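Quick note on my numbering: the sequence shown kicks off at 88 and runs consecutively.
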Amino acid sequence: YLNGELIENHNPLGVAVHQETYAWNFPFADFFVILNYTIKNVSGKYLDSVYVGLWTDAVVRNTKITSPRSGGSFFNKGGNGFSDSMKIAYEFDATGDIGFTDSYLGVQFLGSSPSLDSVLIGSTETLPSVNYVSWQFRNTDDPNFFAPNNDFDRYRKMQGYFGGQNRYNAGVTPEALRLSSNRSMLITSGYYKNIAPGDSINVVFAIVAAKKYGNDAASFDTKEEKINLFNSAEWALRAYYGEDRNRNGIIDPGEDIDGNNEVTRYILPAPPLVPVCKVIPEKNKATIYWDKRAEASIDPISGKKDFEGYRIYRTQSGFDLSNKQDVLSSLVLLNEVDSAGNNLGFDTGFEFVELDAPVTFVGDTVNYYYKYEVNNLLNGWQYLFSVTSFDEGDESNNLNSLESSSLANLNRILPGTPAVEDENVEVGVYPNPYYGSAIWDGSSERLRKIYFYNLPADCDITVYTLSGDVIKRLSHNSQNAGSEIRWFENFSSGSSQKFAGGEHAWDLITDNDQAIATGLYLFTVKNNK
């Protein structure tokens, strides 16, 4: 069916195709996407001699330099090639936007289940299990590059035949494909024999992109120019093979990292586990605690414990004055501590952050082994803190140190006075006097705030005019510190805020839903304990 309509003169194979797509948020994995296909026989009959291919009409151009509306002259500048060792077909801009599209686009075969070696055709010819062909879009008299016009031609293309018995590097030279033209490319895997009704095969490809290496001419396609392409293709293979480090298709001793007695695929080197982090706001201060689970992390590819250290981040006061907060770029590195004695990093050791004994907190079963204090913070201002873990890196694989996400354990805190039960300690307000606005205010009346400080843990605040009229009643406790006002909705969304316990925010809006007028106001505080 096509768009719900029966296709005329069509004999369907009777297969159901399920596709999954994988990508990773690591710098070394930015340049490939894995396409995982599960192909099930739903025909009720045996399928024999099945090939699976991924076809693309790739075009490598820069549309900011040349518009696709220019027609054939836009599409006919591609050079092509194939690497049998990496099983990747690729295209590059040979004669188009020189200097603006120095890139490769590749389609790579990663593997299959069942896996295939070479395939015997008839009694004499042996074909590889992965094949590559390319053909031109019109305007050619070379039979090697004729487009397939029927199912027989398509099947021959999937077997790797260009024209007649010619194949890549056997009748069709790599040099011919490097010349610019408008070609499609096809990479195939097969054949898979006797797929029974209800059975499935799994075939996996990758889309790989890379900048050309070096400064050779765009029309060249040297081994050196493909360094980045092959590096990215190798990372795609590592992701596919996962725990199977020697790529022999079985679990060998030391490879079964997750202990499930089978090859776990689609994994890459990963940073250590994210530390559990707890930040306690205090007066002009924040105290950061974190656990040590990251230190037991095992890299899923190397199988080694490669933990190296921790980094502590925070935002600056005032980072939140924009409605569109870029938290990641606002985080500033405060400190870094790493393992001593291995000649990596600063070799600081952990002594100055390590507690004599782990601590726990009420309602929190985590054991916290480390502590770091940050002083000279501004009360009432919002700060975000994070602790990350990082590993040693892997020099043998040209892999830099990997770090856990600084967004994974963000703590949003507002320093201030702790709860005070001593009646002799004076309760106050800041900023006071308040001249119509404060630096942290937003652009409207409902985006203002002031703070009451030195409050008891559980109390009622009442605000009066000079004539004694009650204009606002506020209830303060451990669950309510004024975070329901619009300011926090605009500038503090995304994670819960932590207050010091003795402060309460007010947006200067009365119980009658009106902004207060300029003037003097009185308030009282009643301790409910």
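Every residue gets a Cβ at the ideal spot worked out from N, C-alpha and C, and that includes glycine. Bear in mind that the values here come from a model prediction, so they are computed numbers and not experimental data.
Out of Asn-466, Asn-577, Ser-409, His-97, the CA that lies nearest to the CA of Asp-238 is found in His-97. Considering only Pro-358, Thr-188, Ser-276, Leu-122, the residue with the shortest C-alpha distance to Thr-108 is Leu-122. For Asp-528, the closest alpha carbon among the candidates Gly-405, Glu-423, Ile-274 is that of Gly-405. The C-beta distance from Leu-316 to Val-295 rounds to 7 Å, short enough to meet the 8 Å contact threshold. Within the DSSP bridge table, the entry for Phe-179 names Gly-166, Tyr-191 as partners. For Arg-398, the enclosing beta strand (DSSP E) covers residues 394-401. Excluding its 5 nearest sequence neighbours in each direction, Ala-320 has C-beta neighbours in its own chain below 6 Å: Met-173, Ile-175, Gln-195, Val-295, listed in chain order.
Within its own chain, the residues whose Cβ lies closer than 6 Å to the Cβ of Phe-224, once the five positions on either side in sequence are excluded, are Asn-269, listed in chain order.
For a cut-off of 8 Å, the C-beta gap from Cys-364 to Val-474 is around 4 Å, short enough to register as a contact.
Under DSSP, Glu-107 takes part in a beta bridge, and its partners are Asn-123. With contacts defined as CB atoms closer than 7 Å, Asp-434 and Ala-427 qualify as a contacting pair.
Taking 7 Å as the cut-off, the beta carbon of Val-453 is found no closer than this to the beta carbon of Ala-373.
When the five nearest sequence neighbours on each side are left out, the beta carbons in the same chain lying within less than 6 Å of the beta carbon of Val-366 are those of Ala-373, Ile-375, Phe-472, Asn-498, Ile-500, in order along the chain.
Annotation for Arg-560: the continuous beta strand (DSSP E) segment containing it runs 557-563. In the structure shown, Ala-373 adopts extended strand secondary structure according to DSSP, grouped into three states. According to the DSSP secondary-structure assignment, Asp-481 is paired through a beta bridge with Leu-486. In this chain, the alpha helix (DSSP H) harbouring Arg-265 covers 261-265.
Partner residues in the beta bridge of Arg-270, as assigned by DSSP, are Gln-223. DSSP places Ala-383 in the helix class (H, G or I) of the three-state scheme. Taking a 10 Å sphere around the C-beta of Lys-244, we find 16 or more other C-beta atoms and assign the residue as buried.
By alpha-carbon distance to Tyr-327, the top candidate from Arg-352, Asp-378, Leu-609 is Arg-352. In the structure shown, Leu-324 adopts helical secondary structure according to DSSP, grouped into three states.
Annotated three-state conformation of Asn-348 is coil, per DSSP. Excluding residues up to 5 positions away in sequence, Arg-380, Ala-381, Ser-384 lie with their Cβ nearer than 6 Å to the Cβ of Leu-360 in the same chain. Between the alpha carbons of Lys-132 and Ser-483 lies a distance of about 50 Å. The Cβ neighbour count for Ser-531, taken over all protein chains shown within 10 Å, is under 16; the residue is labelled exposed. Per DSSP, Glu-576 is one residue of the alpha helix (DSSP H) stretching across 573-578.
Taking the Cα of Ser-488 as reference, the smallest distance to any Cα among Val-139, Leu-553, Leu-431, Val-120 is reached at Leu-431. For the pair Ile-126 and Ile-274, the CB atoms are not nearer than the 7 Å cut-off. Under the three-state reduction of DSSP output, Ser-276 falls in the strand class.
Distance from Val-424 to Phe-437 at the Cβ level is roughly 6 Å; contact confirmed, criterion being Cβ atoms closer than 8 Å. Annotated three-state conformation of Ile-94 is coil, per DSSP. In the three-state scheme derived from DSSP, where H, G and I count as helix and E and B as strand, Gly-515 is classed as strand.
Rounded to whole angstroms, Glu-479 and Phe-115 show a C-alpha spacing of 16 Å. Asn-218 is the residue among Asn-218, Asp-556, Lys-585 whose C-alpha sits nearest the C-alpha of Gln-246. In terms of Cα proximity to Leu-609, the closest of Ser-583, Ser-554, Ser-389 is Ser-554.
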